[in-house]
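In the working numbering, each number is its position in the sequence shown, counted from 1, plus 912.
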Amino acid sequence: MTVNGLAVPGPARREEPNEPVLEVRGLCVDYGLGRDAVRAVNDADLVLRRGEVLGIAGESGSGKSTLAYALTRLLRAPGVITGGDVLFHSRGADGQTTTVDLLAADVHQLRQYRWSEIAVVFQSAMHALNPVARVEDQLTDVLRVHRPEMSREERRARAVEMLRMVGINADRLRSYPHELSGGMRQRVMIAMALILQPQIVIMDEPTTALDVVTQREILEELMTLRDRLGFAVIFITHDLSLLIELADSIAIMYAGRIVERAKASELFHAPRHPYSLGLLSSFPSLHGERVRMEGIPGSPPSLAAMPAGCTFHPRCPYVMDLCRTEEPPLARPLSEGGGRVTACWLQDGRHDPPEPLARAVPLVSSVADADDLSRSTS
913 MTVNGLAVPG PARREEPNEP VLEVRGLCVD YGLGRDAVRA VNDADLVLRR
963 GEVLGIAGES GSGKSTLAYA LTRLLRAPGV ITGGDVLFHS RGADGQTTTV
1013 DLLAADVHQL RQYRWSEIAV VFQSAMHALN PVARVEDQLT DVLRVHRPEM
1063 SREERRARAV EMLRMVGINA DRLRSYPHEL SGGMRQRVMI AMALILQPQI
1113 VIMDEPTTAL DVVTQREILE ELMTLRDRLG FAVIFITHDL SLLIELADSI
1163 AIMYAGRIVE RAKASELFHA PRHPYSLGLL SSFPSLHGER VRMEGIPGSP
1213 PSLAAMPAGC TFHPRCPYVM DLCRTEEPPL ARPLSEGGGR VTACWLQDGR
1263 HDPPEPLARA VPLVSSVADA DDLSRSTS
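Structure below.
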């Protein structure tokens, strides 16, 4: 498969994800308190399975990063989690699974799970790394805090191993962040996230501002490490074309709400929400004839002045009167089975959706078949 014309591993080459490792139920996040509060994440439901890559896509301000930080309770004031459950199913060395609600856990419990079991690769590596500390100190500090039984030599050996795993020579241990390129800094952040072998890695726009070649190299290394170590990934980005190639399943967010959730292949070939269709139509195909690109008109609404009904209706080309007054539930389209859900009145069985939102989902059995279908639908 390709990302911006460059090959990366595709979902069909991986093992099928199995039991859940993280379940999010009805998660709500507000900024501010009382009458001045605005809802940044509204009733989010997600399931992340072991070994899965779950993509979260949407425009800036859609609530993607807020959702990610809420999962690990890293939100800073004025962000407040006002409802929901985040259930982490931790698998021990003996294979036994323990379930903990991260939102109900105390500070001591959270410390046990953060970074050891759930790690985060932050959006800007230059700002996430300490500019006055060497790479070695930042990597070994994680081990010193979470693995106090390790000796200094063992911590350094582990840091060397992780740098080599992400394609960086050991002599870079003595470097400061400003002495590294953007791609190398991002690799250091990935090494730091994986150094304790977590079960979940949350990646917030990990390839933003990197050139395409560096982006490809980092993503290839990430997928190789995922296959080798078996961790699950929540991959947050505004680049839906990237997720189509990398993710097993995708959740589309708009104005703080998940409006569609489906397998990556289903979403690419047969979107069910007009916003998903608009995002897919906003990047060019690598195959077929040149066509005029059509963006989504308008801008996302202000969280302080949300429109009534469906929040996407002011920008939707298929808007109906019902959309202006009633908010659609996130539900399975009546014409389909499986775990796909969408929040659109056009899919409630009482209306006939337009052709772009009513395409049949093709059967894809291999990466080659997926590429052939991509060319045929371009």
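Glycine included, every Cβ here is placed at the ideal spot set by N, Cα and C.
A distance of 8 Å or more separates the beta carbons of Arg1026 and Ser1087.
According to the DSSP assignment, Glu935 belongs to the beta strand (DSSP E) that extends over 932-943. Assigned with DSSP and collapsed to three states, Leu999 falls in strand. Look at Arg1056 here: in three-state DSSP terms it is helix. Looking at Met1074, Gly1095, Phe1195, the one whose alpha-carbon comes closest to that of Leu1137 is Met1074. Leu987 and Pro1209 have their C-alpha atoms roughly 31 Å apart. Between Ala1182 and Ala1082, the gap from beta carbon to beta carbon reaches 8 Å or more. Val1033 places its beta carbon less than 8 Å from that of Ala1105. Closest option to Glu1117, judged by alpha-carbon separation, among Glu1061, Gln1111, Ile1130: Ile1130.
Between Ala1163 and Ile1170, the C-beta spacing is below 8 Å. DSSP places Ile1130 in the helix class (H, G or I) of the three-state scheme.
Taking Gly938 as the centre and dropping the five residues before and after it, the same chain places the C-beta of Asp955, Ala956, Asp957, Gly995, Gly996, Asp997 closer than 8 Å to its C-beta, in chain order. The C-alpha of Ala1167 is placed about 5 Å away from the C-alpha of Ser974. For Thr1119, no alpha helix (DSSP H) run applies, since DSSP gives it neither H nor E. Judged by DSSP secondary structure, Phe1147 falls within the beta strand (DSSP E) whose first and last residues are 1144-1149. In the three-state scheme derived from DSSP, where H, G and I count as helix and E and B as strand, Gly991 is classed as strand. Per the DSSP secondary-structure output, Arg1026 pairs in a beta bridge with Ile1030.
When the beta-carbon positions are compared, Phe1180 and Ile1146 stay at least 8 Å from each other.
DSSP places Tyr981 inside the alpha helix (DSSP H), whose first and last residues are 976-983.
Across the set Pro1240, Glu1048, Phe1000, the C-alpha of Pro1240 shows the shortest separation from the C-alpha of Arg1262.
Ala952 and Glu1091 have their C-alpha atoms some 37 Å from each other.
The residue among Leu1122, Val1057, Glu1132, Arg1003 with its C-alpha nearest the C-alpha of Ile1107 is Val1057. Here Ile1102 is actually not in contact with Leu983; their C-beta atoms are around 19 Å apart, not less than 8 Å. In this structure Leu960 is in contact with Leu934, their Cβ atoms being roughly 4 Å apart against a cut-off of 8 Å. If you ignore the 5 residues before and after Cys1228, its C-beta comes within less than 6 Å of the C-beta of Pro1186, all in its own chain and listed in chain order. Under the DSSP assignment, Met1101 falls in the alpha helix (DSSP H) whose first and last residues are 1094-1106. Taking a 10 Å sphere around the C-beta of Leu1152, we find 16 or more other C-beta atoms and assign the residue as buried. Between Leu1122 and Gly970, the alpha-carbon positions lie close to 19 Å from each other. Assignment of Ala1272 by DSSP, reduced to helix, strand and coil, places it in the coil class.
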